[in-house]
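In what follows, a single structure is set out as C-alpha cells and then discussed.
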Ligand SMILES: *Cc1c(COP(=O)(O)O)cnc(C)c1O
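In the numbering used here, the protein residues as written are 127 to 345.
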C-alpha cells in the first residue's frame, strides 16, 4: 500500500468505528502524525486531502511546516509533544492547536505569548492517566483544579483533554477515565487513540485520534 491507500484505510476504519459506536459520521477528526517524516513524505498526504497534522517537537516542525503551510494555507497543525517554556513563543506562533498543556508554568507561558502575539491556538490539557513518572501530564485527580486555574486565572479557553495511555496496558480504562474527567470539567473534546488503539478510543468517545505509523509507515 502507498501512503494514500494507507490514509484511505485509516479513514474508512474511523468511519466504521463511528458507526459501530452510534456516533455521527465525521464526529472523529484524524490528526495525521508526521513526526520524523520530511516535507517530501508529507506532501502526498496533503495531496490526498488530509488537512490536520500532528508534530511532537517544536523545532522539527519549524523546519518543514512554514513551507508546507505556505503551499496549503488551510492545513491545521497540532503540537502533541511536551512543550518547554522557552519554546512557548515559537509554539504559539506556529501551531493551530497545542494539545500538551501539562503544568502551570507552561499554561502561564502560553497565556503570555497568546496575548503578546495576539494569536489564539486552541488548547488541550494533557492528563497522565497512568500516573507514569516519565510521562508528561496533569494527574487525574488534579485535572479539575488545573482546568479551573487555566480558565479563571489565566483566561485560557481549554477545548478538551488529551492522553497517552501506558504502552503495556489495556487502553480502554484510560480512555474511559479521560472521558469521565472531561465530563466533570464540562469539556466535550477528547484527543485519544493512536495507530494501535484508535478504534478502541473512538468506542470510548474520542473526538480526535492521532495516527502516525498506520499512515506514514514505521519510524
Ligand atoms: C507519535 C505519537 C502518536 C502517533 O503514534 P503512532 O503509533 O505512530 O500512530 C500519537 N500521539 C503522540 C503524542 C505521539 O507522540
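Don't be surprised by glycine CBs; every beta carbon is placed ideally from N, CA and C. Note that this is a predicted model, so its numbers are computed, not measured.
A straight line joining the alpha-carbon of residue 179 with that of residue 262 spans about 21 Å. Across the set 249, 259 and 325, the C-alpha of 249 shows the shortest separation from the C-alpha of residue 283. Minimum Cα-Cα distance from residue 230 among the listed residues 151, 259, 272 and 288 corresponds to 272. Under DSSP, the beta-bridge partners assigned to residue 287 are 251 and 316. CA-CA distance, residue 184 to residue 162, rounds to 12 Å. Apart from the 5 residues on each side of it in sequence, residue 198 sits with its Cβ closer than 8 Å to the Cβ of 172 and 177 in its chain, given in chain order.
Going by beta carbons, residue 218 and residue 186 fall outside the 8 Å limit. According to DSSP, residue pairing for residue 204 in a beta bridge involves 180 and 223. When DSSP states are grouped into helix, strand and coil, residue 149 belongs to the coil group. Looking from the CA of residue 337, the closest CA among 329, 318, 243 and 292 belongs to 318.
Here residue 254 is buried. Its C-beta has 16 or more other C-beta atoms within 10 Å. Residue 308 has its Cβ no nearer than 7 Å to any heavy atom of ligand 1.
Between the C-alpha atoms of residue 215 and residue 278 there is a straight-line separation of about 22 Å.
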